[in-house]
Each structure stands twice: as structure tokens, then as C-alpha cells.
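Engineer: Below is one structure. I have some questions about it.
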Amino acid sequence: MTNHRLMLALDVGGTFIKGCIIENHRINTSTIKKYHTYSYLDADAILNNFKIVIEDLFYQYLRDYNKESINQLIIGLTFPGPFDYQNGVSYMKGIGKFDTLYEMNIRDEILKRLRAARLPVNDQIIIRFENDCRLFGVGVSEELSEQKLICLTIGTGLGSAFLDEGKIIRNQKNIPLEGYLYQTPYKESIVDDYFSIRGILKLASSNGIDINRYSTVKDISLLAIEKEGSAIQTFKVFGKNLAEMLKPYIESFQPDKIVLGGQISKSFDLFGYPLQKIAQQNNIDAVALKDEQYYTFKGIDLAFNNDDHIMN
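Here the sequence shown stands for residues 4 to 315, numbered as in the working numbering.
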């Protein structure tokens, strides 16, 4: 028997799960794997898939390090919302992913399957959940621990987190409830409808781009790089709107830095100027990080891989 703690980090999205092994607070980048989520299937199939993913990473670790068992297994998961992260209950419904897990206790269901599989864990298996953008922010804040941050991830939807000295700010007068911008009103709808993949595709379509032919943000960004006018205008308007939406929070929260991650943030050079301009007017920086995945895994480790993790 060995007095050993192993951490498995799972970044769960609607289409894919990205997983890796973390040992002694070191992210083992060679173990990073990408798995299908199968979020459209029935509940049993989705939950069994989580078990298979966890087993795959767990037994890979035992093989690679020639171990027969470990003492404690911690599994940290980012998960889309709405979700009760403290209790592990999903409240997603009608958004095309994980509908069949509605009101299910995901923690209990995964634990039940792992115990039935008799993983060689001598002591206990612990499963913890949190929002992906919050953990991205926690990971970033390790390098900027004394700073106030607004962190955004822009992809399928808009994730947001407000941090002060590495701590998540949830309820404060100058930020939205729980720090979630996605559901706040903006123009004719809510923030999430504008600052997301579907938002940028709708904007591209309104600018005359055939989104059946150019169906991804990458497609449109390549058009913009090739100096196609409608694509350039799409990103220009997207950036102007983003700066407009964030301006009141920049002025009220007064962060030291705005940090962006997520799929659309890879095109920051095409839309970032208006946000950088407002940031400079407030004497702060606005930057996009290329390695969002690393910081998300680092956030999982910092938040969960200890005895009094910071998220509770």
C-alpha cells in the first residue's frame, strides 16, 4: 500500500472531454487526451462514458508508473451549466447537450460506477466540479496572484469569472450574479447570444457571408486574414460590441487585467482592438492566451487538489 494521491483532470464540453493526469501538482502534458462526450445520448450511456474515460486515464497511470494501486483518487471536472457545482447536480435542459442528465446527481452516479468497477484505490475517490471559466481564471491567477482579473472564455457560449487575489468573486454589487455575464441582457437578447460561436455566425450572415459554406469561426477568420471585407467587418463589429458590453464592468470592478481564452479568442488579433482601447483608457491590459487548456488544468489542480480547496 502506498500513501499516494492521484489527480485526474477532466475538462468537459458538449462535444469533447479533454483529460490529463496531474501528479504532485505537475500537469503531465504527455497524458492529455481527447474523448467524445456523447452528450446527446441517454443518461446511462453518458455516465458509462465518464467511467470509461476515468478508467482509461487511471490505468494508463498505473501502467506508466508500474503501480498496483493508489491511496486516494481525486477527479476534478469542469462542466457546462446550469449546474449545481457544489452538489454535482446538472440543470441543463433544452440546450442540445446533457438533457438526459437533468436533475441527476452526476457525482453520485459516477462514483457508483467507479465503485462497481473496483478501481484499485485503497482509501477514497473524491469527485469535484466547477465552471470551466472559473477554473481557467484560477489557473491564470497563479501567475497574477495579487491582481484583480476579469476572465472570459468565448466559444460555444461566453464564460466569465471575476477574481481578486486568486479568489473567485461571486456576489458583489459591481458584477453580475455569480460573476456570470452570459445571461445578462444585451441589445435584443442576452450576452450569450452575441458573444459565442452562434453569435459570430449570425453576425457573419448579416454581413452577407454564406455560413453554409463558411460554417466555422476559423473559416471566417481565414477570410478576414485574406482581406475579405465582409469577414473583416464581422470581427470589427464583434470586437466593438464586446468592448461596449464589458465597459461598465471594467469601470465598476476596476480589474488590473482582462484575460481571454476559448475558441473565438484565437482570433483576438482580428477583433481585440476596441477592447484594448477601452482597457488602455482605464490603465489596464486586455490579452488573449493561446494555451487556455493548460490554465484550465492548472485551475483544476489549484482548486481541488488539496485538503481545503478554494472553491467552497
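Glycine residues also receive a C-beta, built at the ideal position from the N, C-alpha and C atoms.
Contact between the segment 91-107 and the segment 187-205: three or more CB pairs below 8 Å?
Structural biologist: No: fewer than three Cβ pairs fall under 8 Å.
Engineer: May I have the straight-line CA-CA distance separating Leu278 from Phe165, to the nearest angstrom?
Structural biologist: If you take the alpha carbons of Leu278 and Phe165, they lie about 17 Å apart.
Engineer: Output the distance between the C-alpha atoms of Ser255 and Leu60, rounded to the nearest integer angstrom.
Structural biologist: Near 43 Å, if we compare the C-alpha coordinates of Leu60 and Ser255.
Engineer: When you compare each of Ile172, Ser33 and Pro83 to Ser42 by their alpha carbons, which one comes out closest?
Structural biologist: With distances taken between Cα atoms, Ser42 lies closest to Pro83.
Engineer: Keeping to the same chain, check which residues put their C-beta closer than 6 Å to that of Ile157; ignore five residues upstream and five downstream.
Structural biologist: Closer than 6 Å at Cβ, skipping near neighbours: Phe198, Gly265, Ile267 and Ser268.
Engineer: Considering only the beta carbon of each residue, do Leu9 and Tyr64 sit closer than 9 Å?
Structural biologist: Contact: yes.
Engineer: At what residues does the beta strand (DSSP E) containing Leu11 begin and finish?
Structural biologist: Arg8 to Val15 is the span of the beta strand (DSSP E), which, as asked, contains Leu11.
Engineer: Buried or exposed, going by whether 16 or more other CB atoms sit within 10 Å of the CB of Arg131?
Structural biologist: Buried.
Engineer: Leaving out five residues before and five after Gln186 in sequence, what residues of the same chain have Cβ atoms less than 6 Å from its Cβ?
Structural biologist: Taken in chain order, the residues that qualify are Ile193.
Engineer: Around the C-beta of Tyr94, are 16 or more other C-beta atoms found within 10 angstroms, so that it is buried, or is it exposed?
Structural biologist: When all chains shown are included, Tyr94 counts as exposed.
Engineer: Do you know offhand how far Asp195's Cα is from Asp67's?
Structural biologist: Each residue's alpha carbon lies about 42 Å from the other.
Engineer: Grouping DSSP H, G and I as helix and E and B as strand, with all else coil, what is Leu44?
Structural biologist: Reduced to three states, the DSSP call for Leu44 is coil.
Engineer: Counting pairs of Cβ atoms below 8 Å between the segment 279-286 and the segment 230-241, do you hit three or more?
Structural biologist: No: the two stretches stay apart, fewer than three of their Cβ pairs being nearer than 8 Å.
Engineer: Report the three-state DSSP secondary structure of Thr187 (helix, strand or coil).
Structural biologist: Here Thr187 sits in coil by DSSP.
Engineer: For Leu11 versus Gly79, is the C-beta spacing smaller than 9 Å?
Structural biologist: Yes, they are a contact pair.
Engineer: Quick check: the Cα distance between Thr2 and Lys70, rounded to an integer number of angstroms?
Structural biologist: Here the chain has residues from 4 to 315 only, and residue 2 is not among them.
Engineer: Looking only at DSSP bridge pairs, what is Asp87 linked to?
Structural biologist: DSSP output for Asp87 lists Val92 as bridge partner(s).
Engineer: What first and last residue would you give for the alpha helix (DSSP H) that runs through Tyr197?
Structural biologist: Start and end: Val194 to Tyr197.
Engineer: Hey, would you say Gln257 sits closer than 9 Å to Lys151, going by beta carbons?
Structural biologist: Against a cut-off of 9 Å, the Cβ pair of Lys151 and Gln257 comes out as a contact.
Engineer: Given a cut-off of 9 Å, decide if Lys54 and Leu117 are closer than it, judged by their beta-carbon atoms.
Structural biologist: Yes, the pair counts as a contact, with Cβ atoms nearer than the cut-off.
Engineer: Along the beta strand (DSSP E) that carries Asn74, what are the first and last residues, could you check?
Structural biologist: Its beta strand (DSSP E) spans residues Ile73 to Thr81.
Engineer: Based on the DSSP output, what are the partners of Arg131 in its beta bridges?
Structural biologist: Arg131 is bridged to Gly79.
Engineer: Straight-line CA distance for Lys2 to Ala306?
Structural biologist: The structure shown does not extend to residue 2, since the chain is modelled only from 4 to 315, so the question has no answer here.
Engineer: Would Glu149 and Glu133 qualify as a contact pair, given that the criterion is a beta-carbon distance under 9 Å?
Structural biologist: No, the Cβ-Cβ distance between Glu149 and Glu133 is not below 9 Å.
Engineer: In the DSSP output, what is Asp222 paired with across the bridge?
Structural biologist: DSSP output for Asp222 lists no bridge partner at all.
Engineer: Return helix, strand or coil for Thr5, following the three-state DSSP convention.
Structural biologist: The predicted model places Thr5 with a pLDDT of 46, which falls under 50 and marks its position as unreliable; any figure quoted below should be read in that light. In the structure shown, Thr5 sits in coil (DSSP, three-state: anything other than H, G, I, E or B).
Engineer: Count the other CB atoms within 10 Å of the CB of Leu180; is the residue buried (16 or more) or exposed (fewer)?
Structural biologist: Leu180 should be labelled exposed.
Engineer: Would you identify the three-state DSSP class for Ile157, choosing helix, strand or coil?
Structural biologist: Note: Ile157 maps to strand in three-state DSSP.
Engineer: Relative to the alpha-carbon of Lys280, which residue among Gln127, Leu249 and Gly140 has its alpha-carbon at the smallest distance?
Structural biologist: Closest by alpha carbon: Leu249.
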